Amino acid sequence: MNNPPPLAERLLEMLLPDNAQAVCIKGDLREEYREFARAIGDPRANRWYWRTVISTAARYRWVHLRSGTTDLPSSGWQTRKSSMRDSVRDLRYGIRCLIRSPGFSMVVILTLALGIGANTMIFSVINSLLLRPLPYPEPEQLVTLNHIYPSVDLVAGVSPPGFRDYRDRTRSFGSVAVTREWSANLTGVGEPVRVDGSRVSADYFDVFAIAPVLGRSFLAEEDTPGNEHVVVLSHGFWKLRLGGDPDVLERTVLLNDESYRVIGVLPPEFEDFFNADREFWVPLALPPEQFTDDYRFSENESAVARLRPAMSVEMAGREMTDLVETIKSELTRSFPPDWTARVTSLQDRKTAGYRTTLMVLFAAVGFVLLITCANVANLLLARGVGKQKELAIRKALGASGSQVARQLVVECLILSLVGGGLGLLVACWGVDVLAAFGPTVTKSTTVELDMSVLLFALGVSLFAGAMFGLAPAFQGLRGDLQSTLREGGQSSRADRSGPNLRRALIVAEFALALILLAGSGLMIKTIAALRQVDPGFNPDNVITASLNLPPVRYPDRGSRNAFYDQLLAELRALPGIKAAATTSALPFGGDGGTAVFNVEGYNRQENDPPTWGEIRVVSPGFTETLEVPLLEGRFFDLTDRPGSQSVCVVDEEAAQRFWPNRNPVGGRLTFDNPDNPDTQWITVIGVVGHTLHAGLDDDIRGQLFFPSRQWAWTVATVMLRTETEPEVMVSALRETVLSVDPTQPIADVRVLDKLVTESIGNRRLLMTLLTVFSGLAILLASLGIYGIMSHMVRERSHELGLRKALGATQAGLFGLVLKNGLKLAAIGLVLGLGGSLWLTRLMQSQLFNVDAVDPLTLAAVAGILLAVAVLAVCIPANRASRSDPISSLRAE
Amino acid sequence: MPRKAPLGEFEQLVLLAVLRLKDQAFGLGIRRELEKRAHRSVSRGAFYATLDRLERKNLVRWKAEPPNENRGGIPQRRYEVTKAGIRTLATSRSTLLSMWQGVEAILERPE
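Now the structure itself:
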């Protein structure tokens with residue numbers, strides 16, 4: 043049988059007062075509705091019902107109002123609504139109570155705001171970076187493929203023949219694609235500008251399951267040499283650079299002076315996983331010879347694949363390692379014996395860099411929250427002692443234990459929700475502060491306070507409310523009515539559970555504070571150790587910018603050398619420039635290349651390092667610009683040109699590894715097969731100091747430098763050593779480049795010492811936040827112990843007075859209180875030491891030159907906490923020792 | 209103790225309807241009885257408000273009864289007139305009767 047429109051029934055409930063008659067009216071109307079519906083049909087009955095609901099409720103209210111009835115009868119059924127009304131009453135009463143003691147409420151709310159705010163802040167970062175799924179359909183199916191070399195701890199990309207094999211010879215993947223960074227000079231649209239883009243295999247967008255909003259993606263035949271002059275644009279490129287031209291699909295754009303036909307525009311929300319700044323994609327179009335085994339270890343491509351449904355990352359990983367073993371058995375050329383492959387989910391790869399940092403921080407703020415709760419619980423318990431009388435009176439007047447407990451819980455919920463609301467503000471502000479730390483944790487995505495963050499804040503607030511509300515509520519339930527009333531509101535001697543609970547909370551606070559402090563101590567030591575590290579070059583006053591010469595305009599070594607020779611000469615002539623050079627990979631710049639080579643006369647034994655190292659193509663002036671020491675021989679000069687003897691310079695690490703106990707100058711190495719008679723040998727002409735490349739804690743690898751004039755790459759980073767602030771040279775640099783080639787833009791302008799500082803940004807963030815959190819923890823713990831000891835002194839003033847009257851000295855009383863307080867702190871510290879031995883291990887990967895179990899750090903933080911505890915206890919101890927026995931005895 | 213408030217005309221009609229229906233005096237039925245006997249349309253809002261008022265004056269009381277099939281599980285109220293209600297009705301009736309004495313002839317020959 044039909045019921046009236048539910049919405050209209052809800053309206054009726056809302057309009058009518060909350061009493062039993064309302065239920066009756068609802069029932070009567072429902073009965074009438076059904077009769078109507080049978081007689082005149084649903085639609086008309088519905089209309090009738092809506093009208094009747096409004097007129098009945100209005101008239102009912104009006105008649106009552108006119109006759110002056112304020113309290114409508116509510117006898118009859120006990121509905122759920124009446125318990126709701128009780129809650130509203132509890133709420134009102136709770137708010138009144140809290141307003142009555144504004145100081146207490148403020149302290150509690152602010153403490154909670156800090157605790158909840160810190161948690162919400164870190165959660166919002168975690169939510170954005172770790173929890174939010176990647177913005178592609180079925181993101182859990184997306185994986186990356188890598189070659190790995192465990193012996194040198196190297197994770198590499200994949201090679202063209204590898205890509206072909208992993209695509210064609212596996213069953214785990216529905217589609218496999220490769221991509222390569224390719225930024226290009228965009229000309230013909232406003233100022234010449236360097237735009238980030240990439241070369242991708244034809245299936246690239248299919249792997250991500252992204253379809254263009256305009257046009258189409260690549261066809262297989264476009265991914266072949268000669269047919270690749272087509273481009274897919276990002277939505278931003280189309281809108282901002284082409285003004286959202288509706289005829290964009292009939293346009294061409296000039297990239298590196300070559301014309302590309304626009305075939306598609308991607309949806310606005312698409313961000314390339316490998317580089318969110320990419321604005322265009324062109325086919326990779328590898329020439330067929332690159333798919334031969336000669337290129338088996340040219341691992342320059344990043345591979346991404348989509349798992350078939352029901353395939354797991356582990357299953358795909360097993361298939362890949364098996365396939366690599368099969369390929370090894372088929373290979374006719376030599377291969378590194380430890381070569382294998384790895385499949386990583388895209389989500390894991392995205393979060394790998396900061397997972398530990400965030401998890402450590404999350405644990406830390408969790409501790410802060412627990413300390414906050416313990417402290418607030420303590421405050422409430424302390425106040426609870428004062429409230430005993432009020433509660434006892436309420437009970438005497440007939441309130442049940444559960445009603446009193448509920449009242450206390452409601453008070454706690456009000457506190458925690460108000461604290462949570464303020465905490466959200468703290469979190470908003472905190473996220474801004476985090477972002478101000480620069481491109482570290484918050485780099486790869488925008489941190490925002492979304493629905494899940496709000497829910498988290500609410501959840502944390504409720505959790506906190508329950509945590510600190512439980513103890514006082516429990517106490518409220520148990521409090522002994524008669525003795526409380528008889529003692530006039532003083533705490534009853536019989537009820538000892540409160541003080542014990544409070545002591546336990548203090549112990550917990552100290553234990554948690556010690557763990558936090560130990561963590562921050564370890565991070566401080568780590569940062570100090572990293573600051574001591576000498577990067578091997580002087581990063582101060584160096585500005586850098588990258589250049590990318592279009593191969594069409596600079597087709598050969600002669601033209602490229604001419605450009606860079608002239609550019610460097612003009613830059614060196616600028617006032618304020620001490621030195622200038624180019625490099626293929628900037629230290630701390632985030633990119634670089636490695637290669638395997640053969641060293642003449644080096645017979646690698648089983649445990650010797652492989653002949654593998656970092657490759658740099660640099661111009662003359664490199665050592666002067668970065669102030670890298672020249673240890674042996676000479677560095678490159680203008681005589682190292684195409685056609686002259688092939689030369690290289692090695693760093694001290696490579697010299698030690700591959701030319702042990704001899705001078706490498708004059709030694710030779712090759713990238714070819716050394717047994718071939720026509721092998722091209724490269725002669726070592728000098729040795730320079732090692733420069734750190736990927737970070738201050740980087741593994742040390744051998745480095746090989748090759749003269750840019752012989753290798754003549756199109757891409758280079760220009761480095762300028764300036765006499766003063768490097769930033770002021772940016773425009774001079776840009777103008778000089780344009781004076782050499784008016785269509786040549788510069789990109790990635792960076793200051794070297796900032797790169798070095800940013801390289802430890804995550805750790806500095808971790809150190810700073812842990813220090814802030816542990817500072818908060820110390821403050822709360824010391825307030826807590828101060829509070830409980832003061833309370834104890836007040837509570838036992840009678841006893842203390844008696845002791846004094848019986849001859850106890852001031853020092854004796856001072857010592858008594860001090861001993862009591864420090865006992866709590868000491869127990870907490872011992873527990874905290876145990877906890878930190880166990881927990882700081884989780885931070886191991888973030889530590890540098892410090893052991894996770896560092897006795898010195900632990901001793902120091904325990905000492906700090908103990909000192910703070912002494913200070914906090916001294917005040918009440920002092921008060922106790924000065925207590926006047928007459929007055930405290932008289933007060934009784 | 210019943211309040212010595214005067215009984216309004218509509219209140220009287222409602223009490224009489226409840227009495228007439230005996231043990232079948234449910235909310236909806238009372239309203240229908242009123243409409244049938246008194247030949248007037250009765251506003252639901254005013255009707256329920258009047259029942260509330262009579263209850264407050266202790267002239268009616270009610271008991272919750274199991275719902276009939278048309279109410280979708282919502283219980284209904286069965287009303288009855290309290291002793292105080294009956295006393296008040298009786299007082300009201302005798303007051304009216306004494307007031308009517310001697311003036312009934314006017315109704316029979318209106319000018």
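Sequence order for the protein chains is A and B. So that you can map any letter, position 117 of the first sequence is 159 in our numbering, and since no number is skipped, the others follow by simple counting. So that you can map any letter, position 63 of the second sequence is 271 in our numbering, and since no number is skipped, the others follow by simple counting. We put the beta carbon where it would ideally sit given N, CA and C, even for glycine. Just so you know, these numbers come straight off a predicted model, no measurement behind them.
Roughly how many angstroms separate the alpha carbons of A:A847 and A:L564, rounded to a whole number?
-> The straight-line gap from Cα to Cα measures roughly 50 Å.
Beta-carbon gap between A:L388 and A:V185 smaller than 8 Å = The Cβ atoms of A:L388 and A:V185 sit closer than 8 Å to each other.
Count the other CB atoms within 10 Å of the CB of A:Q647; is the residue buried (16 or more) or exposed (fewer)?
-> A:Q647 should be labelled exposed.
Should B:L236 be listed as close to the ligand SAH, given that the test is whether its C-beta is under 7 Å from any heavy atom?
-> No copy of the ligand SAH occurs in the structure displayed, which carries no ligand at all.
Is A:T229 helix, strand or coil by DSSP?
-> Strand.
In terms of residue numbering, what span does the beta strand (DSSP E) encompassing A:H833 cover?
-> DSSP places A:H833 in no beta strand (DSSP E) but in the uninterrupted alpha helix (DSSP H) bounded by 803 to 837.
Below 8 Å between beta carbons: does that hold for A:L252 and A:L308?
-> The question names Leu, but residue 252 of chain A is Ile in the sequence shown. Taking 8 Å as the cut-off, the Cβ atoms of A:I252 and A:L308 count as close.
Taking DSSP as the reference, what is the three-state secondary structure of A:A560?
-> Three-state result, A:A560: helix.
Three CB pairs or more closer than 8 Å across the region 614 to 628 of chain A and the region 659 to 667 of chain A = In short, these stretches touch, since the Cβ pair count reaches three.
Bridge partners - A:Q745, DSSP secondary structure assignment = Within the DSSP secondary-structure output, A:Q745 pairs in a beta bridge with A:E656.
Are the C-beta atoms of B:N278 and some chain A residue less than 8 Å apart?
-> For B:N278, the answer is yes, since a Cβ of chain A falls inside 8 Å of its Cβ.
Just the Cα atoms here: how many angstroms apart are A:Q183 and A:L176?
-> Roughly 11 Å separates the two Cα atoms.
Do you know offhand how far A:R338's Cα is from A:D364's?
-> One C-alpha to the other measures close to 17 Å.
For B:A246, decide whether its Cβ has a neighbour in chain A, counting only Cβ atoms nearer than 8 Å.
-> Answer no: the Cβ-Cβ gap between B:A246 and chain A never drops below 8 Å.
Boundaries of the beta strand (DSSP E) in which A:T764 is found, first to last residue = 757 to 764 is the extent of the beta strand (DSSP E) around A:T764.
Please decide whether B:S249 counts as near chain A, where near means a Cβ-Cβ distance under 8 Å.
-> No, because no Cβ of chain A sits closer than 8 Å to the Cβ of B:S249.
Note down the Cα distance separating A:T725 from A:V638, rounded to an integer number of angstroms.
-> Distance between the alpha carbons of A:T725 and A:V638 is about 16 Å.
Listed from N- to C-terminal order along the chain, which residues in the region 280 to 298 of chain B have their beta-carbon within a distance smaller than 8 Å of any beta-carbon of chain A?
-> For the region 280 to 298 of chain B, the set of residues with a beta-carbon nearer than 8 Å to any beta-carbon of chain A comprises G280, I282, P283, Q284, R285, in chain order.
Assigned secondary structure, A:T294 (DSSP; H/G/I helix, E/B strand, else coil) = For A:T294, the three-state secondary structure derived from DSSP is strand.
Okay, do the region 54 to 73 of chain A and the region 275 to 293 of chain B touch, 3+ Cβ pairs below 8 Å being the bar?
-> They touch, by the three-pair rule.
A:T162 CB to nearest chain B CB: under 8 Å?
-> So no, A:T162 is outside the interface.
Select from the region 77 to 106 of chain A all residues with a C-beta closer than 8 Å to any C-beta belonging to chain B, and list them in chain order.
-> Residues passing the 8 Å Cβ filter: E77, T94, S97, T98, A99, A100, R101, Y102, R103, W104, V105, H106.
Spatial neighbours of A:G530 within its chain, please: CB distance less than 8 Å, with the 5 preceding and 5 following residues excluded, ordered by chain position.
-> Unreliable placement is indicated for A:G530, whose pLDDT of 49 sits below 50; the coordinate value is still reported in the next sentence. Excluding the 5 residues flanking it on each side, A:G530 has same chain C-beta neighbours closer than 8 Å at K431, in chain order.
If you compare alpha carbons, which of B:E277, B:R295, B:E273, B:G253 is closest to B:L224?
-> Measuring C-alpha to C-alpha distances from B:L224 to each of B:E277, B:R295, B:E273, B:G253 identifies B:R295 as the nearest.
Contact with chain A by B:R301, beta-carbon distance below 8 Å | No - not a single Cβ of chain A is within 8 Å of the one on B:R301.
Member of A:V912, A:F856, A:L842 whose CA lies at the smallest distance from the CA of A:I820 | When each option's Cα is compared against that of A:I820, the closest is A:V912.
Which ranges would you report for the beta strand (DSSP E) in the region 554 to 642 of chain A if only whole runs of at least 3 residues count?
-> Runs found: 584 to 590, 619 to 625, 635 to 638.
Bridge-paired residues (DSSP) for B:Q309 | Bridge pairing for B:Q309: absent [DSSP].
Count the other CB atoms within 10 Å of the CB of A:I369; is the residue buried (16 or more) or exposed (fewer)?
-> If you draw a 10 Å sphere on the C-beta of A:I369, you find 16 or more other C-beta atoms in it, and that means buried.
Leaving aside the five residues before and after A:D132 along the sequence, list all residues of the same chain whose C-beta is less than 8 Å from its C-beta, in chain order.
-> Closer than 8 Å at the Cβ level, and outside the excluded window around A:D132, lie R448, Q449, V452.
Locate the alpha helix (DSSP H) running through A:V355, then write down its first and last residues.
-> Looking at the DSSP string, the run of the alpha helix (DSSP H) that includes A:V355 is 355 to 372.
7 Å Cβ shell around A:G27 - same chain, five flanking residues per side excluded = Residue 27 of chain A lies beyond the residue range present for chain A, which begins at 43 and ends at 934; the question has no answer from this structure.
Buried or exposed: A:G849, going by 16 or more other Cβ atoms within 10 Å of its Cβ?
-> By the 10 Å Cβ count, A:G849 comes out exposed.
Residues of chain A with a CB under 8 Å from the CB of B:L315: which are they?
-> What B:L315 touches in chain A: nothing, since even the nearest Cβ is about 31 Å away.
What are the residues that DSSP puts in a beta bridge with A:C690?
-> Looking at the DSSP output, A:C690 sits in a beta bridge with A:V726.
Among A:S340, A:V418, A:V407, which residue has its Cα nearest to the Cα of A:V149?
-> Among A:S340, A:V418, A:V407, the Cα nearest to that of A:V149 belongs to A:V418.
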